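For the protein sequence lines, the chains are A and B, in the order given.
Sequence positions in the first sequence follow our numbering and run 1 to 386.
Sequence positions in the second sequence follow our numbering and run 1 to 445.
Beta carbons: idealized from backbone N, C-alpha and C, even for Gly.
Source: prediction; values computed, not measured.
Comments concern the structure below.
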Amino acid sequence: MIFNKTLIALTCGAILIAGCGGSSNGSSEVVIPDETPTTGFSFEATEMITNITKDVIVAGYQNLNNKAETFHLATLTLLNTPTAENLAITKQAWQDVRIPWEQGEAHIFGPVDALSIDPHLDTWPLNTNDLEALLTSESGFSADKIRTWNDDVQGFHTMEFLLFGDGVTDNSISIDEMTALEREYLSATAEVFRGYTQALYDAWTVRADANDANSAPYQELLLTPNNDVYSSQLGVIQELINGMIGIIDEVGNGKIAEPFGTSINTTDTSLVESQYSWNSLADFTDNIQGVQNVYRGEFPNQADKIGIIDFVNAADSNLATRVDEEIITAINAIKAIAGSDNLPFRQAINNADARIRIQASIDALSNLQTSLEGEVIPLLNQWQGK
Amino acid sequence: MKLNKQLCLLSGFAFLLNANLSIASDGKATERKLAEQIQHIELQLEQLKSSQKLTTPTEVSTKNWQINSYGSLVYKSENFFRNTQDINPKRRAKTDLERVVFEFVYNFDPTWEVEIELEYEHGGVGAALEYDGFEEFGEFESEIEAGGEIIVEKLQAKYTHNKYLAIKLGHIFVPVGLGTNLHKPSQYFTAQRHWSEASMLPQVWHETGVNVITKWQNFTAQTLITTGLNSEFFRTYNWVSTGHQRRFESVNADDLAFTLRLDYGDIKNGTGIGISYYNGDTSGNRNNTNKIDADGNLSIIGLSGAWRQGNWTAIGQYLYGELEDSQAITLANKTTPGLKPGNFAQLGSVAESAFVEVAFNSQHMFNLSHPLYLFGAYEYANPVKETESGNAMSRFDTQEYSFGLNYLPTSNLIFKAQLAEQNYAQQNLSNTHSFSLSFGYYFSI
Numbered sequence: 001m002i003f004n005k006t007l008i009a010l011t012c013g014a015i016l017i018a019g020c021g022g023s024s025n026g027s028s029e030v031v032i033p034d035e036t037p038t039t040g041f042s043f044e045a046t047e048m049i050t051n052i053t054k055d056v057i058v059a060g061y062q063n064l065n066n067k068a069e070t071f072h073l074a075t076l077t078l079l080n081t082p083t084a085e086n087l088a089i090t091k092q093a094w095q096d097v098r099i100p101w102e103q104g105e106a107h108i109f110g111p112v113d114a115l116s117i118d119p120h121l122d123t124w125p126l127n128t129n130d131l132e133a134l135l136t137s138e139s140g141f142s143a144d145k146i147r148t149w150n151d152d153v154q155g156f157h158t159m160e161f162l163l164f165g166d167g168v169t170d171n172s173i174s175i176d177e178m179t180a181l182e183r184e185y186l187s188a189t190a191e192v193f194r195g196y197t198q199a200l201y202d203a204w205t206v207r208a209d210a211n212d213a214n215s216a217p218y219q220e221l222l223l224t225p226n227n228d229v230y231s232s233q234l235g236v237i238q239e240l241i242n243g244m245i246g247i248i249d250e251v252g253n254g255k256i257a258e259p260f261g262t263s264i265n266t267t268d269t270s271l272v273e274s275q276y277s278w279n280s281l282a283d284f285t286d287n288i289q290g291v292q293n294v295y296r297g298e299f300p301n302q303a304d305k306i307g308i309i310d311f312v313n314a315a316d317s318n319l320a321t322r323v324d325e326e327i328i329t330a331i332n333a334i335k336a337i338a339g340s341d342n343l344p345f346r347q348a349i350n351n352a353d354a355r356i357r358i359q360a361s362i363d364a365l366s367n368l369q370t371s372l373e374g375e376v377i378p379l380l381n382q383w384q385g386k
Numbered sequence: 001m002k003l004n005k006q007l008c009l010l011s012g013f014a015f016l017l018n019a020n021l022s023i024a025s026d027g028k029a030t031e032r033k034l035a036e037q038i039q040h041i042e043l044q045l046e047q048l049k050s051s052q053k054l055t056t057p058t059e060v061s062t063k064n065w066q067i068n069s070y071g072s073l074v075y076k077s078e079n080f081f082r083n084t085q086d087i088n089p090k091r092r093a094k095t096d097l098e099r100v101v102f103e104f105v106y107n108f109d110p111t112w113e114v115e116i117e118l119e120y121e122h123g124g125v126g127a128a129l130e131y132d133g134f135e136e137f138g139e140f141e142s143e144i145e146a147g148g149e150i151i152v153e154k155l156q157a158k159y160t161h162n163k164y165l166a167i168k169l170g171h172i173f174v175p176v177g178l179g180t181n182l183h184k185p186s187q188y189f190t191a192q193r194h195w196s197e198a199s200m201l202p203q204v205w206h207e208t209g210v211n212v213i214t215k216w217q218n219f220t221a222q223t224l225i226t227t228g229l230n231s232e233f234f235r236t237y238n239w240v241s242t243g244h245q246r247r248f249e250s251v252n253a254d255d256l257a258f259t260l261r262l263d264y265g266d267i268k269n270g271t272g273i274g275i276s277y278y279n280g281d282t283s284g285n286r287n288n289t290n291k292i293d294a295d296g297n298l299s300i301i302g303l304s305g306a307w308r309q310g311n312w313t314a315i316g317q318y319l320y321g322e323l324e325d326s327q328a329i330t331l332a333n334k335t336t337p338g339l340k341p342g343n344f345a346q347l348g349s350v351a352e353s354a355f356v357e358v359a360f361n362s363q364h365m366f367n368l369s370h371p372l373y374l375f376g377a378y379e380y381a382n383p384v385k386e387t388e389s390g391n392a393m394s395r396f397d398t399q400e401y402s403f404g405l406n407y408l409p410t411s412n413l414i415f416k417a418q419l420a421e422q423n424y425a426q427q428n429l430s431n432t433h434s435f436s437l438s439f440g441y442y443f444s445i
């Protein structure tokens, strides 16, 4: 060891001498780099993390769970009393439960990922072949039965297909077109669905691991970092910002750009999500609304609370405002795709005028993603409260 | 040994004919006839030599070590479906450096031998998956470095007591499915190994355990106790084959499996028939033990055979498997944190597969100096033949008819071409077609 130390000391000495000798301006001063960063800002993150965790994420999952229950009850009413009015109520309930789910996609981390809740609830594309085979071969459906089947014959899009039809020419079916077996399948799937939204809510609020009585609720991991998942508040904020980037990327480069294609000749309607109900544009809007919820720290029309915007503002107030405006621009661009004819997305990709509006929304999302990745993420390194 | 005797007899006969030729010179017709006979015999000799080299890699030698290598590379153009809703397939061509294998054998003495087999699959370095039970709800961590794998397929010590009894122990092959016996490129005629078998079993199945081999006359019985499979990784599309625990650094050995195989004749080198039976539980080897309260007993029966007569060769296999508690396993796999079986959790309680291939060596028909096999093959697999509850999805119920050729320019190289048609049980899927070329080698030093 002594030999090693001597060797290291000699090597360092040689490097220093060589470094000085190589100085071209003849100065004998050794420049010592300034170790304190030139930029930096302070921000007290506890209130922001608490607010986003409890009032945005957990409140969102609570809303999802409540709406899933309302939807399940609507499917039971439709099963027992098949009227046009009950069908309309159930369709509306499906669209209502879709909102908190799509908004929640701005933070797909933790139990929703670990417990595979996402594929259980929202697998796309749907396996219509198997679904139709099940409807012709089975004599009845129960939640227990459906739970063991593959994800592509249950969840949001199965229920959408049963309620709205195939979506090719319209997004409505009459109550006479719905068989008793289809209504039974719908209500059994809604029951399984409700089970998953409950499990998700419980994982955040009761126990992260349902099999372990000592397991803490997942929200505790965010609220009191310095645990196995988040070593510090920095890790929590990083997770939140990356969650926003993740969904912006998915909407811009996946959900919109994939069916859109490179030209009107390369569009692919089969890739349009929520194409049976023509709910696609509402889905995309809600996805970015979810980004705004996390960024601002509150849902629309709520009193101002601390959000990521305040973290960014502590470092750079211009950037904070610009990102907020870019989110609004993206939401408006997506809403504008429908145009004055109220075109659904699956038709819009094949309409020359609408394609210009679609491109504008892709560009708006791309701008937003660049700002978050290129300017907001680097702020984490400058934050002095980490 | 039988082959060697035939070789001696044929050589002797050829020598005699040559001797006779130098004396007799009566008439051109006789001469031509004799010349034809000689040519025919020479062809047979060449054929015999090459088949002997191909099928008996362990050549008689005074050295006590041996290094063998074989490998294969494939080009395939085929139709594929993008997702479960897609019924209009697209065509794609691809190549795969399927594998390069090295076998090292060392004989310490006439009774003890060690054999190691290393396989490089898809030309790369692989991924490792670890289960960390202390992380969150338990986490499967993976590190991916390239698209391939390096696998130690075999690390066995073999003790040969006498000609009736031998014992292998270590990381050994499980002799269920012909792929374990006939997996070198020259041992099957299709351009790639049989997909029907791979959609049900680990293809070239290796586990750690012990194999007692007993021989009597033409009968060979193998009795094995090995590590079993892990039901966490059973999936819809290939049944229990991905339950092979090779993805883990250490293999859970709480559930062991029992295999019995009885052969008559020699399938590997010619003509024979064999039956195999595999049985083992699969739940005990799960990493996350909270989700299931059932054994997940797995049993597989295999019937296989090979027949060689003159220029004709036929190889076939039928596999039938049953998985108990398949519904409980499905539910457990769907809800185990971090496992992410996605949309492929539902398992067949019964799975089935079969193949048969018949080949004809047309070498003498075309007056070639090297073997040219023309072959036809049929394959079938249905990993979800029955389910415990609900509809058995028909997406993976597939058959394939193919024909093609194998050419061996030297006894250690083989070039293959194959045209095939795939038929699907799912009614709205039309037939698809594929074209494959492959090349394989084998050598031993």
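What residues from chain B crowd round residue i, counting only those whose CB sits closer than 8 Å?
| i | result |
| --- | --- |
| A:Leu87 | Residues of chain B passing the Cβ test: none, with the nearest at roughly 25 Å. |
Using a Cβ cut-off of 7 Å, pull out every chain B residue sitting near residue i, in sequence order please.
| i | result |
| --- | --- |
| A:Trp149 | Gln346, Gly390 |
| A:Ala133 | Asn391 |
Report the three-state DSSP secondary structure of residue i (helix, strand or coil).
| i | result |
| --- | --- |
| B:Glu400 | strand |
| A:Tyr61 | helix |
| B:Val152 | strand |
| B:Pro175 | coil |
| B:Phe375 | strand |
| A:Gln233 | helix |
| A:Val272 | coil |
| B:Gln346 | coil |
Could you tell me whether the Cβ of residue i comes closer than 8 Å to any Cβ of chain A?
| i | result |
| --- | --- |
| B:Thr432 | no |
| B:Lys334 | yes |
| B:Gly296 | no |
| B:Glu135 | Summary for B:Glu135: the model assigns pLDDT 48, below 50, so the residue's position carries little reliability; its value from the coordinates is reported in the next sentence. By this cut-off, B:Glu135 is an interface position. |
| B:Leu331 | yes |
Could you give the distance in angstroms between the alpha-carbon of residue i and the alpha-carbon of residue j?
| i | j | result |
| --- | --- | --- |
| B:Glu386 | B:Lys184 | 33 Å |
| A:Gly290 | A:Glu102 | 7 Å |
| A:Thr90 | B:Arg99 | 55 Å |
| A:Ser371 | A:Val312 | 12 Å |
| B:Ser326 | B:Gln346 | 8 Å |
| B:Asn287 | B:Glu232 | 8 Å |
| B:Leu97 | B:Glu149 | 11 Å |
| B:His433 | B:Tyr378 | 14 Å |
| A:Gly385 | A:Ile146 | 49 Å |
| A:Trp124 | A:Asp152 | 7 Å |
| B:Glu136 | B:Glu249 | Low per-residue confidence applies at B:Glu136: pLDDT is 47, beneath 50, and the placement is therefore not dependable, though the value from the model is reported in the following sentence. In a straight line, the C-alpha of B:Glu136 is about 21 Å away from that of B:Glu249. |
| A:Asp176 | A:Phe164 | 13 Å |
| A:Asn332 | A:Asp118 | 27 Å |
| B:Asp86 | B:Leu429 | 9 Å |
| B:Pro371 | B:Phe415 | 11 Å |
| A:Trp383 | B:Gly243 | 47 Å |
Is the CB of residue i under 8 Å away from at least one CB in chain B?
| i | result |
| --- | --- |
| A:Asp353 | no |
| A:Thr123 | yes |
| A:Asp152 | yes |
| A:Leu126 | yes |
| A:Ser270 | yes |
| A:Lys54 | no |
| A:Asn65 | no |
Residue i touches chain A at which residues, Cβ-Cβ below 9 Å?
| i | result |
| --- | --- |
| B:Gly338 | Asp113, Ala114, Leu115, Ser116 |
| B:Thr398 | By Cβ distance, chain A contributes nothing, its closest Cβ being about 15 Å from B:Thr398, past 9 Å. |
Give the interface partners of residue i over in chain A, defined as CB-CB distance under 7 Å, in chain order.
| i | result |
| --- | --- |
| B:Gly209 | Here the premise fails: no neighbours, minimum Cβ distance about 32 Å. |
| B:Asn343 | Pro119, Thr123, Asn150, Asp151, Asp152 |
Chain B partners of residue i, CB-CB under 9 Å?
| i | result |
| --- | --- |
| A:Ser137 | Gly390, Asn391 |
**Asked** Looking at chain B, which residues of the stretch 197-216 of chain A have a Cβ within less than 7 Å of any of its Cβ atoms?
**Response** Ala208, Asp209, Asn211
Interfacial residues, the stretch 402-427 of chain B to chain A, with Cβ spacing under 9 Å = Gln426, Gln427
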